[in-house]
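Everything in the sequence shown is counted per this note's numbering, starting at 2 for the first residue and increasing by one.
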Amino acid sequence: MLFITQHIKRLGTLSVLEWSMLKTALIIFGIGLAKWFPPLLQVDWAILIGLLIVLYAIPLRKIFSEKGNAKRAKA
2 MLFITQHIKR LGTLSVLEWS MLKTALIIFG IGLAKWFPPL LQVDWAILIG
52 LLIVLYAIPL RKIFSEKGNA KRAKA
């Protein structure tokens, strides 16, 4: 369990490039898995949309907070 929590904490420190690579890898893995296991294609859309929001919202929040911090530092 500690191993998992350490990796979850590390997700907060990923750069935008690392996030995009992680998302691409997850999408490719998901497509490959769905081809081998067709019931996965019937995933509830709410769960899928929720995962996409989480994957995209975390790095966006980080970008905007960095821009806000830069503006405050200039002032």
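Glycine included, each C-beta is placed from N, C-alpha and C at the ideal position.
Treat the numbers as computed from the prediction; the structure is a model and nothing was measured.
- G33 and L27 have their C-alpha atoms some 10 Å from each other.
- Under the three-state reduction of DSSP, S16 is assigned to coil, being neither helix nor strand.
- Taking the Cα positions, K24 is about 12 Å away from S16.
- A direct Cα-Cα distance of roughly 20 Å separates W20 from I48.
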